[in-house]
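Engineer: So for the sequence shown, my numbering puts the first residue at 2; every next one is plus one. Backbone N, C-alpha and C fix where the C-beta goes; we use that ideal spot for every residue, glycine too.
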Amino acid sequence: MLHDGNKVIDESRQGEAIMTKTSESGERKLLIESYGCQMNFSDSEIVASIMGEAGFSTTRDAEAADVVLINTCAIRDNAEQRVRGRLQFFKNLKKTKPDMVVGVLGCMAERLREKLLEQEQLVDLVVGPDAYRDLPNLIGQVDSGQKAVNVLLSREETYAEIAPVRLDSNGITAFISIMRGCDNMCSFCVVPFTRGRERSRDPESIVREAQELFDQGYREVTLLGQNVDSYKWNLTNKGEIKDPEKETVNFAQLMEKVALVNPDLRVRFSTSHPKDMTDDVLHTMAKYENICKYIHLPVQSGSSEVLKKMNRGYTREWYLDRIAAINRIMPDCAISTDIITGFCGETEEQHQETLSLMAEVRYDMAFMFKYSERPRTLAERKYEDDITEDVKGRRLREVIDLQMECGAERTKALVGKTHRVLVEGTSKKSEDQLFGRTTYNTVIVFPKGDIKPGQYVDVHAHDCTSVTLLGEVVPS
Ligand code: 5AD
Ligand code: SF4
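#1: Given 8 Å as the limit, tell me if threonine 378 has its C-beta closer than that to any heavy atom belonging to the ligand 5AD.
#2: For arginine 83, I'd like the list of residues in its chain whose CB is within less than 7 Å of its CB, leaving aside the five on either flank, ordered along the chain.
#3: So does cysteine 183 have its beta carbon nearer than 8 Å to some heavy atom of the ligand SF4?
#4: Using the three-state DSSP reduction, which class does methionine 109 fall into: helix, strand or coil?
#5: Looking at the secondary structure, which residues open and close the alpha helix (DSSP H) in which aspartate 144 lies?
#6: Might you give, ordered along the chain, the residues of its own chain that have their beta carbon closer than 6 Å to the beta carbon of valine 69, omitting 5 neighbours on each side?
#7: Pick from Arg156, Lys95, Ile177, Asp277: whose alpha carbon is nearest that of glutamate 46?
#8: If you follow the beta strand (DSSP E) that aspartate 339 is in, where does it begin and where does it stop?
#9: So, are the CB atoms of methionine 369 and arginine 323 less than 9 Å apart?
#10: Using three-state DSSP, classify glycine 450 as helix, strand or coil.
#11: Would the beta-carbon of phenylalanine 189 be found less than 8 Å away from any heavy atom of the ligand SAH?
#12: Compute the distance between the beta-carbons of asparagine 263 and glutamine 227, then report whether it is under 9 Å.
#13: So, at 8 Å on beta carbons, what are the nonlocal neighbours of glycine 172 in its own chain, with the 5 sequence-adjacent residues on each side left out?
#14: Kindly indicate which residue of Gln404, Ala414, Arg377 has the alpha-carbon position closest to the one of leucine 113.
#15: Look at glutamine 39 and leucine 236 and say whether their C-beta atoms are less than 9 Å apart.
#16: Indicate whether the contact test is met: 3 or more Cβ pairs, each with one atom in the region 443 to 462 and one in the region 410 to 421, closer than 8 Å.
#17: Run the proximity test for asparagine 41: is its beta-carbon closer than 8 Å to any non-hydrogen atom belonging to the ligand SF4?
#18: Who are the near neighbours of valine 307 in its chain, counting only those whose CB is closer than 7 Å to its CB and skipping five residues on each side?
#19: Taking the alpha-carbon of isoleucine 140 as reference, which of Ser50, Ala161, Ser431, Ala55 has the nearest alpha-carbon?
#20: If we count the other Cβ atoms within 10 Å of its Cβ and call it buried at 16 or more, is histidine 297 buried or exposed?
#21: Can you check which of these residues, Ile330, Val362, Met311, Asp333, is closest to threonine 342 by C-alpha distance?
#22: Can you tell me which residues form a DSSP beta bridge with phenylalanine 270?
#23: Using a threshold of 8 Å, is the CB atom of threonine 272 nearer than that to any non-hydrogen atom of the ligand 5AD?
#24: With 16 as the cutoff for other CB atoms within 10 Å, does proline 275 come out buried or exposed?
#25: Can you determine whether any heavy atom of the ligand 5AD sits closer than 8 Å to the C-beta of cysteine 345, and answer yes or no?
#26: Is glutamate 54 helix, strand or coil when you go by DSSP?
#27: Excluding five sequence neighbours on each side, which residues of the same chain lie with their C-beta closer than 6 Å to the C-beta of phenylalanine 270?
#28: For the ligand SF4, any of its heavy atoms closer than 8 Å to the Cβ of arginine 112?
#29: For arginine 29, count neighbouring C-beta atoms within 10 Å of its own C-beta (all shown protein chains included) and say buried if the count is 16 or more, exposed if not.
#30: Compute the minimum distance between the beta carbon of proline 299 and the heavy atoms of the ligand 5AD, and state whether it is under 8 Å.
#31: Residue ranges of each alpha helix (DSSP H) run of no fewer than 4 residues wholly in the region 143 to 224, ordered along the chain?
#32: Just to confirm the assignment, what range does the beta strand (DSSP E) spanning glutamine 482 have?
#33: Which residues bound the beta strand (DSSP E) around serine 357?
#34: Just curious, the beta strand (DSSP E) that alanine 260 is in, first and last residue?
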């Protein structure tokens, strides 16, 4: 499962063909807003590509947009509420711009299609995550006065050959989707319902995309999947290889192929699943310096009973064994996690087990959430959402407090050392400072000198805040 951020993305691209309808200026403008996980942001780049081919250029100005597409997230109720607020805003805007097409993409599409289209009349168009190739056609339908829907999920679609249009890009770091969907059925999670069955993308197209990004000047790729450890491509499917030993490409092998694109291309990935993460993956990480020493390994809870109810497929002991494997194979590797507080029936003791696990692992970073019941999930059908908001909130605060302590301690441990840093841009706080990241994904800020974004530099960290290192470049 991928963790979330929230930002509006935009970028211009002039397409070749023109759609059925044109605006007064002769060209149609598209605004895409993305919510939720990195996969959604990556999907929006595929959407921008498909729409670019159909003659749309993108804009960040809602007033100028002929088509607005909101790529939605359904992971927790508050994510949905945020999107609803945005849809209401565009519904109001439509009063002054009646020709503007408003569409919902992504994870809210399937579940809310009737509500959004019919009951609330909030949107003209609803398109699920596997139906983006159909977008130009569906917009044509809306142009001709109909509402349009396609929320069919696919077992095959990976958009493998579509070259994403990089949106809101710094030109240095990019996402590459390596698989779609999820077969895990964690009991709290809506993703298997919104994104459908798991399928892997052809490794050749992944390596090609990484190579193209490198050639364009990008220096870091993040391989994305809900559970990258179950990546599997069967070469015999395409009749490519007959040797049974070499029939499949697994995640460790895929990561190696991407790492070999160029030693100056950093490789990151998200998200690993504790039940599937193999030592092979860890050994491959250790072998290549350009594979970043950072693993996002969501634990969700420190209690084996709760993990069982969550249908996570591992126990506390199994998880701690995976942590021990990481520490053994890459003693300096950074580790982050996701934690849910107040899952159905969680006792005070079980909550304490989460705290004690955190105290033992000492994560570099964590995404922490109150449990939010999601429709259709196993937990919704089987368990009562019986922990009060107050208790969920108090437990969340305890988890956050402990994490702040551990995170600050982990950052501090990097002070006094010299780090290889990929420079990403100018610091938000000062024009005279640049920022980049260490292999551990820690942000480090340092004086600009004549260094440019996209370069690698060695930076000695001499100080830190709780999450950021402060340093000086050392000549290499
Ligand atoms: N309630 C709260 N948090 C959730 N997550 C997924 N589903 C829910 C839910 N119903 C969290 C998990 C996951 C992260 C991306 O979001 O921790 O790993
Ligand atoms: Fe992640 Fe589990 Fe949801 Fe799949 S079902 S996306 S593994 S939390």
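Structural biologist: Looking at the coordinates:
#1: yes
#2: Tyr36
#3: yes
#4: coil
#5: 136 to 144
#6: Leu32, Phe91, Val103
#7: Ile177
#8: 335 to 342
#9: no
#10: coil
#11: Judged by which ligands are present, the ligand SAH is missing from the structure shown, whose ligands are the ligand 5AD and the ligand SF4.
#12: no
#13: Gln217, Gly218, Tyr219, Pro454, Gly455
#14: Arg377
#15: no
#16: yes
#17: no
#18: Phe344, Glu347, Gln351
#19: Ala55
#20: buried
#21: Met311
#22: Leu224
#23: yes
#24: buried
#25: no
#26: helix
#27: Leu224, Val229
#28: no
#29: buried
#30: yes
#31: 192 to 196, 204 to 216
#32: Lying outside 2 to 477, the shown extent of the chain, residue 482 is not represented and no answer is given.
#33: That residue, serine 357, is in no beta strand (DSSP E); its alpha helix (DSSP H) goes 349 to 362.
#34: From DSSP, alanine 260 is part of no beta strand (DSSP E) but of the alpha helix (DSSP H) over 252 to 260.
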